[in-house]
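Residue numbers (the numbering used here), protein chains in the order written: chain U, 60 to 291; chain V, 60 to 291. Note that the Cβ used here is the ideal one computed from N, Cα and C, for glycine as well. Quantities reported herein were computed from a predicted structural model and do not represent experimental measurements. Input: a single structure, listed below in C-alpha cells.
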DNA sequence: CCTTATTGAATGAATGTTCAACAAATCAAG
DNA sequence: CTTGATTTGTTGAACATTCATTCAATAAGG
C-alpha cells in the first residue's frame with residue numbers, strides 16, 4: 060500500500076537517503092538489518108516486550124511483513140541481535156569515555172558516571188528497551204548472558220578505580236562494595252528514569268550520582284548546589 | 060485427570076488444608092484467588108511475562124483451564140491483581156519494620172534496609188516477578204501506577220530520615236539526593252540479585268548497602284569486615 | 001538473464017475467552 | 001434428619017483471534 064511507504068520517513072529514522080544507499084546488495088543488507096533493529100527498539104519502547112510483533116517491527120520500518128524473516132531467521136534472532144546491538148553500543152560508549160579520561164582515577168570515575176547519563180545512551184527509548192530485556196532475562200539464558208556481560212567488565216573497571224583511589228588517597232572503604240554499590244545505584248537510577256517516578260530527569264539522576272561520589276571520595280569531589288562537574 | 064490433582068500439593072503451596080477450608084463459598088473464593096495469584100507469580104518467575112499463559116497458571120495451581128476467567132475476568136485483571144498483591148505485601152513488610160524500629164532514625168534506616176533483603180520479600184521467585192512487571196510497566200499505565208505507588212511513599216520515608224539525621228548529627232549532605240541514591244541502589248541490587256550476576260547473594264548485596272550507610276552516616280554506622288548489624 | 005531482495009497472501013500453531021454440562025455445597029421443606 | 005431445589009464452583013471442549021513463519025510470485029540490480 061502507498062500509505063505504508065509514506066510512513067517510512069516518519070518512523071525510526073529508518074531510511075538514510077543521504078549516505079551510500081545504492082552501494083549494492085552487501086551494503087543494503089547491513090542497512091536493512093540496522094533499520095529493522097531500530098524499528099525493534101521503537102516497538103519495544105512503545106509496546107513493551109510482550110506486545111512487540113513482527114508485523115509491528117515491519118510496519119515501523121515501512122517494509123512488508125515477510126521481510127524480517129528474510130534478514131533475520133526468526134523473531135528470537137531479531138531480538139538477540141537487537142540486544143547485542145544495544146550492548147555493543149553501550150560498551151563502546153563507556154570505553155570511549157574511559158579512554159578519554161586519561162590516567163586520573165577521579166576523572167575516570169566522573170566521566171564514566173557522566174557517560175551513563177549521556178543523551179545518546181540514556182533516553183526513554185533505549186531505557187525502555189533495556190528494561191524490556193531485563194524483564195525477560197531471567198527466563199532466557201541468552202539474554203541473561205548478554206546483559207551480564209555488559210555489567211561484568213563495567214563493574215570491574217569501577218572496582219579497580221576505587222581500589223586505586225583508596226591506596227592513593229588513603230580512604231577506608233571496602234573497594235568492591237563501594238564499586239558494586241555505585242554500579243547498582245546507576246542501574247537503579249536508570250530504572251527510575253524509565254519509570255518516570257517523581258519527575259526524575261536525566262539531570263537530577265546525574266546529580267544523585269554526583270552526591271554519592273562527593274560522599275565517598277570527599278578529597279576528589281566537592282558538593283555543589285547547582286549543576287556542574289566539580290572535580291575538586 | 061488424577062495426575063493433575065496430585066500436583067496440587069507440590070506446586071505453589073497451593074492448598075492450605077490446615078486452615079478454615081470448609082468455611083463455605085466466600086472463604087473458598089478468597090483461597091482460590093490467592094492460590095491462582097501464587098501460581099501466577101510462579102509462572103512469571105519461571106517463564107517470564109511474555110510466556111506466562113492462562114493454561115500455565117491453571118496447570119500450576121492444579122486446576123482446569125477455564126477457572127481463571129471465573130475468578131478473574133481476564134488475564135489482564137489477573138496480572139493486575141497479582142501485582143497489587145505483591146505491592147501490598149511489600150508495603151506492609153517495610154511499614155512493619157519501620158514501626159518496629161521505634162524513634163531512632165539510625166535504627167529506622169538500618170531496619171528498612173534490612174527489610175529489603177529479608178528472605179520473605181527478597182527471593183528469586185518474587186524478584187523475578189517484580190522484574191517481569193517492571194519490564195512491561197512503561198507501556199501499561201496501570202502497572203506503572205502500581206509500581207510507582209510502591210516507591211513514592213517508601214522514598215519519602217528515607218528522605219525524612221535523612222533530613223532528621225542531617226540536623227541531628229550535623230551532616231553536610233543533600234538529604235533528598237542521598238535518600239534517592241539509597242533507594243536507587245536498593246533497587247539496583249535487587250536487579251542484580253535477580254540477574255544472578257557475579258555470584259551476588261542476598262547477604263553480599265546487604266553488605267554493599269551497609270557499606271553505603273557507613274559511608275554516608277559515619278557517626279551512626281561503623282564499617283565491619285564480617286557480617287552483622289553494626290549500629291554504632 | 002540470473003541473482004538477490006521484497007512482497008503479501010496462505011498456513012498452522014498458540015492462546016485467551018466463552019459456554020454448556022457437571023459436581024458440590026447450601027438451603028427449604030417435609 | 002432426609003430429600004429435593006437452587007445457587008455456586010468447576011471442568012474441558014469449542015471458538016475466534018492473533019501472530020510467526022512459509023512460500024510462490026514479482027521487482028530490481030548486476
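(message) Determine, for residue 271 of chain V, whether the minimum Cβ-Cβ distance to residues of chain U falls below 8 Å.
(response) Under the 8 Å criterion on CB atoms, residue 271 of chain V is classed as interfacial with respect to chain U.
(request) Could you work out which residues of chain U lie near residue 213 of chain V, taking near to mean beta carbons separated by less than 7 Å? (result) Neighbours of residue 213 of chain V on chain U: none; closest Cβ ~10 Å, over 7 Å.
(request) Give every residue of the same chain whose Cβ lies closer than 7 Å to the Cβ of residue 83 of chain V, excluding the five residues on either side of it in the sequence, and list them in chain order. (result) Confidence in residue 83 of chain V is poor, its pLDDT being 48 and thus under 50, which makes the residue's placement unreliable; the coordinate value appears in the next sentence. Taken in chain order, the list of residues that qualify is empty.
(request) Apply the 10 Å Cβ neighbour rule to residue 197 of chain U and answer buried if 16 or more other Cβ atoms are within range, or exposed otherwise. (result) Burial is judged here by how many other beta carbons sit within 10 angstroms of a residue's own beta carbon; residue 197 of chain U has at least 16 and is buried.
(message) I need the boundaries of the alpha helix (DSSP H) containing residue 166 of chain V, first residue and last residue.
(response) Residue 166 of chain V -> alpha helix (DSSP H) spans 164-175.
(request) Could you name the residues of the segment 177-199 of chain U whose beta carbon sits closer than 9 Å to any beta carbon of chain V, in the order they occur along the chain? (result) Near chain V, meaning a CB-to-CB distance below 9 Å, the residues of the segment 177-199 of chain U are 183, 186, 187, 190, 191, 192, 193, 194, 195, 196, 197, 198 and 199.
(request) Could you tell me if residue 183 of chain U is buried or exposed, where buried requires 16 or more neighbouring beta carbons within 10 angstroms of its beta carbon? (result) Exposed, because fewer than 16 other Cβ atoms sit within 10 Å of the Cβ of residue 183 of chain U.
(message) Does residue 237 of chain U pass the burial test, meaning 16 or more other C-beta atoms within 10 Å, or should it be called exposed?
(response) Result: buried.
(message) Is there a C-beta anywhere in chain V that falls below 8 Å from the one on residue 257 of chain U?
(response) Yes, contact with chain V.
(request) Could you check how far apart the C-beta atoms of residue 191 of chain V and residue 194 of chain U are, in whole angstroms? I think they sit under 8 Å. (result) Indeed they touch by this definition, with Cβ atoms about 5 Å apart.
(message) With distance defined between alpha-carbon atoms, name the residue in V:264, V:186, V:249 and V:242 nearest to residue 221 of chain V.
(response) Out of V:264, V:186, V:249 and V:242, V:242 has the C-alpha closest to the C-alpha of residue 221 of chain V.
(request) Indicate the three-state DSSP secondary structure (helix, strand or coil) for residue 296 of chain U in the structure shown. (result) Past the boundaries of the shown model lies residue 296 of chain U; chain U is included only from 60 to 291, so the question cannot be answered.
(request) Within 10 angstroms of the Cβ of residue 102 of chain U, are there 16 or more other Cβ atoms? Answer buried if so, exposed if not. (result) Buried: at least 16 other Cβ atoms inside 10 Å.
(message) Please report whether the beta-carbon of residue 99 of chain V lies at a distance below 8 Å from any beta-carbon of chain U.
(response) The beta carbon of residue 99 of chain V sits no closer than 8 Å to any beta carbon of chain U.
(message) For residue 219 of chain V and residue 94 of chain U, I'd like the C-alpha separation in whole angstroms.
(response) When only Cα atoms are considered, residue 219 of chain V and residue 94 of chain U end up about 48 Å apart.
(request) Give the straight-line distance between the Cα atoms of residue 181 of chain V and residue 249 of chain V, rounded to the nearest whole angstrom. (result) Cα to Cα, residue 181 of chain V sits roughly 8 Å from residue 249 of chain V.
(request) Determine whether the Cβ of residue 282 of chain V lies closer than 8 Å to any Cβ atom of chain U. (result) Yes, because at least one Cβ of chain U sits closer than 8 Å to the Cβ of residue 282 of chain V.
(request) Please go through the same chain and pick out, in chain order, the residues whose beta-carbon is closer than 6 Å to the beta-carbon of residue 113 of chain V, but skip the five residues on each side of it. (result) Hits under 6 Å: 127 and 134.
(request) Check the Cβ of residue 274 of chain U against every Cβ in chain V and list those closer than 8 Å, keeping chain order. (result) Going along chain V in sequence order, the residues near residue 274 of chain U (Cβ under 8 Å) are 232, 237, 274 and 275.
(message) Restricting to runs no shorter than 4 residues, where is the alpha helix (DSSP H) found entirely within the segment 212-256 of chain V?
(response) Those alpha helix (DSSP H) runs which fall completely within the segment 212-256 of chain V and span 4+ residues are 234-254.
(request) Mind listing the chain U neighbours of residue 108 of chain V? Cutoff is C-beta to C-beta under 8 Å, in chain order. (result) Taking a Cβ-Cβ threshold of 8 Å, the residues of chain U close to residue 108 of chain V are 108, 109, 194 and 195, in chain order.
(message) Quick check on residue 132 of chain V: does DSSP put it in helix, strand or coil?
(response) In the displayed model, residue 132 of chain V falls within coil according to three-state DSSP, outside both helix and strand.
(message) Within 8 Å of any Cβ in chain U, is that where the Cβ of residue 244 of chain V sits?
(response) Output row for residue 244 of chain V: interface = yes.
(message) Any beta carbon from chain U within less than 8 Å of residue 171 of chain V's own beta carbon?
(response) Not an interface residue.
(request) Taking only the alpha-carbon atoms, compute the straight-line gap between residue 245 of chain U and residue 122 of chain V and give it to the nearest angstrom. (result) Going from the Cα of residue 245 of chain U to the Cα of residue 122 of chain V covers about 43 Å.
(request) For chain V, find out if any of its Cβ atoms is closer than 8 Å to the Cβ of residue 225 of chain U; answer yes or no. (result) Put simply, the CB of residue 225 of chain U is far from chain V, with every gap to its CB atoms at 8 Å or more.
(request) Could you tell me which chain V residues have their CB closer than 7 Å to the CB of residue 266 of chain U, listed as they occur along the chain? (result) Within chain V, the residues near residue 266 of chain U are 236.
(message) Excluding the 5 residues flanking residue 278 of chain V on each side, which residues of the same chain have their C-beta closer than 6 Å to its C-beta?
(response) Excluding five sequence positions before and after residue 278 of chain V, the CB atoms of its chain that fall closer than 6 Å to its own CB belong to 228, given in chain order.
(message) Please state the DSSP three-state secondary structure of residue 88 of chain V.
(response) In this structure, residue 88 of chain V counts as helix in the three-state DSSP scheme.
(request) Please classify residue 258 of chain U: is it buried, with 16 or more other beta-carbons within 10 angstroms of its beta-carbon, or exposed? (result) Exposed.
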